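Under my numbering, the sequence shown is numbered contiguously, ending at residue 319.
Even glycine gets a Cβ: it sits at the ideal position worked out from N, Cα and C.
Since we're looking at a predicted model, the values are computed, not measured.
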Amino acid sequence: MRHGPGWNVRAGRLSMMERQPMASRKKSQQRKSSSKGATRRRRADGPTLAQQADRYALYLASVQEPSFEVRFFRTAYRQVFGRDTEPRVLREDFCGTAAVCYEWVKGHPKRRAIGVDLDPEPLQWGRQHLAARLRQTTRDRVTLLEDDCLRVIQTKADIVAAENFSYWLFKTRAALRDYFKAAHANLGPRGLLIVDSMGGPESMTEQWTDQRPITGPNGRFKYLWEQQRINPIDHHCRFHIHFEFRDKSRLERAFSYDWRFWTIPEVRELMLEAGFEQSLVFWEKEDKDGEGTGRYRIQESAPNDPSWICYIAGVKGR
Ligand SMILES: C[S@@+](CC[C@H](N)C(=O)[O-])C[C@H]1O[C@@H](n2cnc3c(N)ncnc32)[C@H](O)[C@@H]1O
2 MRHGPGWNVR AGRLSMMERQ PMASRKKSQQ RKSSSKGATR RRRADGPTLA QQADRYALYL
62 ASVQEPSFEV RFFRTAYRQV FGRDTEPRVL REDFCGTAAV CYEWVKGHPK RRAIGVDLDP
122 EPLQWGRQHL AARLRQTTRD RVTLLEDDCL RVIQTKADIV AAENFSYWLF KTRAALRDYF
182 KAAHANLGPR GLLIVDSMGG PESMTEQWTD QRPITGPNGR FKYLWEQQRI NPIDHHCRFH
242 IHFEFRDKSR LERAFSYDWR FWTIPEVREL MLEAGFEQSL VFWEKEDKDG EGTGRYRIQE
302 SAPNDPSWIC YIAGVKGR
């Protein structure tokens, strides 16, 4: 969870002090004017860091933690189907750069992964920057499909994953149920659909920007998660990811999301309506100071923290 787009959960819960309420907007205007001066000086020296930035590398460093995801998927599968079972085939829907697919196949020579995304650009970025780091025999076990996740294919998976709230792009019960039906059909006789979910009063505060310092492949930068609009009547919401660099240049709206803010009970009901026998909620365990441990366990009750992220699994063939 790093951060689901919003946060770096896997490294522990959101640290509230980093959030920037409205008041700092003035500060950002001041920042803008002072950075104007910096911009003028910089022009003489060449392109800004923002102009040179690679948004997929920044995204991966800010909001994805493939090694955590892969460990969690295997643990959840064995918790549901037994410690003597071993998931081999992972299907990563809405895969983007397919970073989780490439991490999955590194874990065992019998593992295979299927990455599905409609957009050829992140798929190509993944081939060039992630697959390229793997041995031929390892990357050959990843199949990328430039395709719609709603399409059912021959090759069945043990786990279908839809992370970073990608399924929130479906805004009606019928549309989300159809996606869950497709995921169910893309699983073998038994398997798990694993999605993440976020919530808590703060995650529904609009016109609120969370920012965090991140150390990426090309040094430190700031990751900004803007909660621009959340309509309480239809739960339609708009979020943006911005990046800010040491030279104060910014990559505005590097990624934007037009989503529906789904709740856990809605998602669980739709998983059952789509054919899953059961749905389970994996909630992050807290340490004695109430801090997130990065370990998740099946729960039916939890504190409504200011902001939280959890996993929801649909079970097939238990
Ligand atoms: C938020 S990104 C998620 C990237 C990655 N899964 C992650 O965990 O960060 C959503 C991705 O879903 C893709 N996408 C949107 N609708 C899709 C669909 N119907 N079928 C396949 N991919 C889709 C977009 O192209 C985009 O790359």
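Cutting at 7 angstroms between CB atoms, please list the residues of its own chain near residue i, excluding the five before and the five after it.
i       : result
Pro-22  : Residue confidence is low: Pro-22 scores 43 on pLDDT, short of 50, so the model does not pin down where it sits. Its coordinate-derived value is still stated next. So the list reads Trp-209, once near-sequence residues are dropped.
His-243 : Leu-225, Glu-227, Arg-251, Leu-252, Glu-253, Arg-254 and Ala-255
Ala-133 : none
Gly-108 : Val-71
His-237 : Lys-172 and Arg-261
Phe-229 : The residue you asked about is not Phe; residue 229 is Gln in the sequence shown. Excluding residues within five positions, the ones whose Cβ falls inside 7 angstroms are Glu-207, Gln-208, Arg-239, Phe-240 and His-241.
Glu-274 : Arg-178
Pro-307 : Met-17, Gly-201, Pro-202 and Glu-203
Lys-317 : His-185, Leu-188, Arg-191, Gly-192, Phe-277 and Glu-278
Using a Cβ-Cβ cut-off of 6 angstroms (strictly less than) and excluding sequence neighbours within five positions of residue i, which residues of its own chain qualify?
i       : result
Asp-259 : Arg-239
Met-1   : The first residue shown for the chain is 2 and the last is 319, placing residue 1 beyond what the model contains.
Gln-53  : none
Tyr-60  : none
Asp-288 : Thr-294
Gln-65  : Ala-100
With DSSP as the reference, label residue i as helix, strand or coil.
i       : result
Pro-190 : strand
Val-153 : coil
Leu-146 : strand
Gly-200 : strand
Gly-127 : helix
Ala-132 : helix
Leu-252 : strand
Lys-182 : helix
Leu-281 : strand
Ser-257 : strand
Glu-292 : coil
Trp-169 : helix
Ala-303 : coil
Glu-287 : strand
Ala-175 : helix
Arg-298 : strand
If distances are taken between C-alpha atoms only, which option among the options comes closest to residue i?
i       : options                               : result
Val-101 : Ala-163, Asn-305, Pro-304 and Gly-293 : Ala-163
Trp-226 : Lys-249, Ala-255 and Tyr-78           : Ala-255
Val-161 : Arg-75, Asp-290 and Trp-263           : Arg-75
Ser-68  : Glu-104, Arg-247 and Gln-300          : Glu-104
Ile-231 : Leu-50, Ile-310 and Glu-203           : Glu-203
Pro-121 : Asp-148, Leu-131, Asp-141 and Lys-111 : Asp-148
Val-90  : Arg-191, Phe-283, Leu-170 and Glu-285 : Arg-191
Tyr-57  : Phe-73, Asn-219, Cys-311 and Gly-276  : Asn-219
Pro-123 : Leu-146, Asp-141, Arg-136 and Val-106 : Leu-146
Tyr-312 : Ala-303, Arg-319 and Gly-318          : Ala-303
Glu-267 : Arg-319, Asp-211, Ala-175 and Lys-289 : Ala-175
Pro-110 : Arg-136, Leu-131, Glu-93 and Asp-85   : Arg-136
Asp-159 : Thr-138, Arg-79, Thr-264 and Ala-51   : Arg-79
I'd like the list of long-range same chain contacts for residue i, defined as Cβ closer than 8 angstroms, with 5 residues on each side in sequence excluded.
i       : result
Leu-151 : Asp-179, Tyr-180 and Ala-183
Thr-144 : Arg-113, Ala-114, Ile-115, Gly-116 and Thr-156
Arg-221 : Pro-214, Ile-215 and Arg-247
Between residue i and chain B, is any beta-carbon pair separated by less than 7 angstroms?
i       : result
Asn-187 : The chain labelled as chain B is not found in the depicted structure, where only one protein chain is given.
_Which complete beta strand (DSSP E) runs does the region 41-112 hold, if anything under 3 residues is left out?_
90-94
If we count Cβ pairs, one from each stretch, closer than 8 angstroms, do we get three or more for the region 286-295 versus the region 177-197? no
Output the residue ranges of the beta strand (DSSP E) runs that lie fully inside the region 206-248 and measure 3 residues or longer, sorted by chain position. 209-217, 220-231 and 237-246
How do the region 89-106 and the region 124-134 stand: do at least 3 beta-carbon pairs fall below 8 angstroms, yes or no?
yes
- Task: Taking 8 angstroms as the threshold, find out whether the region 158-174 comes into contact with the region 192-211 through three or more Cβ pairs.
- Result: yes
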